[in-house]
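Take a look at the structure set out below.
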Amino acid sequence: MSMATTGLLAKTLNEHQATLLEVWLGGMLSRMVRRDKVAEGEIRQQATRFLPEVAATLERSQNYEFNSPAWADVRQTLAEISMGRLRQGYSSTDTAAFIFSLKEPLFELVRQTMAHEPDTITTVMTEAGTLFDRMGLFTIEEYQRGRESVIMRQQQELLELSTPVVQLWKDVLALPLIGTLDSARTQVVMENLLQKIIETGASIAIIDITGVPTVDTLVAQHLLKTVAAARLMGADCIISGIRPQIAQTIVHLGVNLEDVTTKATLADAFLVALKRVGANVTRAEQTF
Amino acid sequence: MEHIPILKMGNLLLVTIQVDMHDRLAMTLQDDLTTRIVKDHASGVLIDISALDIVDSFIGRMISNTAAMARILDARTVLVGMQPAVAITLVELGLTLHGVQTALNVEKGISLLQRNAT
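Sequences listed follow chains A and B, in order. Going by UniProt numbering, the first residue of the first sequence is number 1, and it counts up by one from there. Going by UniProt numbering, the first residue of the second sequence is number 1, and it counts up by one from there.
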């Protein structure tokens with residue numbers, strides 16, 4: 001049955017393409033909130049590309065199975081349109097409206113061209129309806145997939161951005177930690193620091209925790225592990241920026257920081273590091 | 001029998017481990033190394049593990065034992081070239097190799113030993 005109707009639908013689409021395109025575009029544009037020439041042009045271009053592609057696929061594949069390989073081109077086009085709209089900040093409803101707004105003019109067209117055979121109209125409408133619903137859902141799926149990948153990437157970037165390892169001097173690295181440390185972040189911190197130690201050949205790393213609001217046993221343990229791992233690789237760590245509150249917590253929790261060099265401020269730690277790598281720091285005469 | 005080569009550089013001994021260590025090989029290395037320290041009057045031993053991706057608790061203990069033996073024989077041991085992943089694993093295993101000196105690479109290890117000697 002569908003063998004016959006795909007041909008009919010394709011024929012209808014091909015014959016009345018120009019009319020259908022105009023009605024469809026008109027409907028879409030009237031519903032658009034953001035109207036400007038660029039957006040209009042783009043939608044027109046997308047629609048002009050999409051319609052013949054559907055007609056050609058219908059003719060060639062003779063099926064409505066949107067998931068089958070025959071529809072790969074159409075799926076590709078729809079995915080591109082979805083991604084484009086995602087980047088421009090359209091909502092998912094607006095994205096899907098691209099397909100759904102086509103149904104109304106298309107059905108009207110079907111009703112007109114096949115007026116003499118009501119049975120065929122019903123079949124074509126049911127099957128084409130299912131197909132276009134599938135397409136609409138596909139655009140939403142693509143939209144969501146795109147959005148999720150953006151979120152994933154941002155998460156990863158945030159994680160890396162929040163743990164910069166900076167080189168203060170030859171052989172001296174600093175790791176200014178800001179924000180609450182959890183297990184995942186600490187893991188990234190540790191790996192970044194150790195990797196950077198290998199890359200730069202630094203012998204001293206300063207871990208500055210001025211920006212860490214609270215230190216619990218887990219965080220303290222993670223810090224100690226990082227220090228121990230760096231030591232195994234042949235680099236020393238200095239922890240700086242411990243707030244009075246945190247010092248109290250650490251002692252109350254019974255965390256042993258005795259094997260680790262600690263300094264009140266990053267400046268103090270830096271001075272110690274410079275001395276250890278054999279640099280001399282003197283204050284020059286001030287001339288005014 | 002399989003042996004890990006031990007190179008003599010001045011009064012230092014350099015051991016570069018490039019094959020996966022198994023228990024027998026580790027014991028042989030301990031034997032060879034202690035023998036060579038005495039024979040060559042070595043004052044320092046460098047153990048380079050930069051080629052190792054995996055170090056298990058046995059190897060970890062073997063290294064700290066070797067360092068202890070060398071110390072008794074009046075030679076200092078420096079472990080060099082540990083990979084970040086290995087360091088993390090050892091720390092997670094709770095092995096911090098107390099009493100073993102470490103350096104980033106062979107070059108830094110040598111200067112560490114020379115600085116200690118003077």
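Where a beta carbon is used, it is the ideal one built from N, C-alpha and C, also for glycine. It should be emphasised that the depicted structure is a prediction, and the values quoted were computed from it without experimental measurement.
**Study point:** Sub-8 Å separation of B/Q114 and B/T77 beta-carbons
**Key:** no
Practice item. Would you mind reading off the limits of the alpha helix (DSSP H) that contains A/T186? Key: 183 to 200
Point to revise | Local conformation of B/R76 per DSSP, three classes | key: strand
Practice item. Keeping to the same chain, check which residues put their C-beta closer than 7 Å to that of A/A47; ignore five residues upstream and five downstream. Key: L21, W24, L25
Practice item. With DSSP as the reference, please indicate the residues paired to B/V15 in a beta bridge. Key: B/I6, B/I47
Check your understanding: In its own chain, which residues sit with a C-beta less than 8 Å from the C-beta of B/D32, not counting the 5 before and 5 after it?
Key -> H3, I4, I6
Check your understanding: Should A/L194 be flagged as near chain B, meaning a C-beta pair shorter than 8 Å?
Key -> yes
Check your understanding: Should A/E117 go down as buried or exposed, given a rule of 16 or more other Cβ atoms within 10 Å for buried?
Key -> exposed
**Study point:** 6 Å Cβ shell around A/T186 - same chain, five flanking residues per side excluded
**Key:** H222
Review point. Taking only beta-carbon atoms, is B/T118 less than 8 Å away from chain A?
Key: no
Review point. Shortest alpha-carbon distance to B/L14 belongs to which of B/A85, B/I72, B/G60, B/I110?
Key: B/I110
Review point. Would you say A/A235 faces chain B, with C-beta separation under 8 Å as the test?
Key: yes
Practice item. Please report how far the alpha carbon of A/P52 lies from the alpha carbon of A/L58, in whole angstroms. Key: 10 Å
Check your understanding: Between A/M3 and the rest of its own chain, which residues show a CB-CB distance below 7 Å, the 5 nearest in sequence each way excluded?
Key -> Model confidence at A/M3 stands at a pLDDT of 49, short of 50, so the residue's coordinates are unreliable; what they give is reported in the following sentence. Contacts found: Q62.
Practice item. Let me know the secondary structure DSSP gives A/P213 once reduced to three states. Key: coil
Practice item. Locate the alpha helix (DSSP H) running through A/L161, then write down its first and last residues. Key: 118 to 161
Practice item. Please decide whether B/K108 counts as near chain A, where near means a Cβ-Cβ distance under 8 Å. Key: yes
Point to revise | Within chain B, the residues that A/M190 reaches when beta carbons sit closer than 7 Å | key: I88
Exercise for review: Enumerate in chain order the residues of its own chain whose CB-to-CB distance from A/H142 is below 6 Å, with the five nearest sequence positions on each side excluded.
Suggested key: The sequence shown places Glu at residue 142 of chain A, rather than the His named in the question. Closer than 6 Å at the Cβ level, and outside the excluded window around A/E142, lie A79, S82.
Review point. So is B/A103 in contact with chain A if we call contact Cβ pairs under 8 Å?
Key: yes
Review point. So, are the CB atoms of B/L90 and A/G234 less than 8 Å apart?
Key: no
Check your understanding: Since A/T99 contacts A/M135 with CB under 8 Å, what's their CB separation in whole angstroms?
Key -> The amino acid occupying residue 99 of chain A in the given sequence is Ile; Thr does not appear at that position. The pair is a contact, with the Cβ atoms about 5 Å apart (cut-off 8 Å).
Review point. Going along chain B in order, which residues have a C-beta closer than 8 Å to the C-beta of A/G201?
Key: L104, N105, K108
Review point. Among A/A184, A/A229, A/I246, A/V188, which one has its Cα closest to the Cα of A/I209?
Key: A/I246
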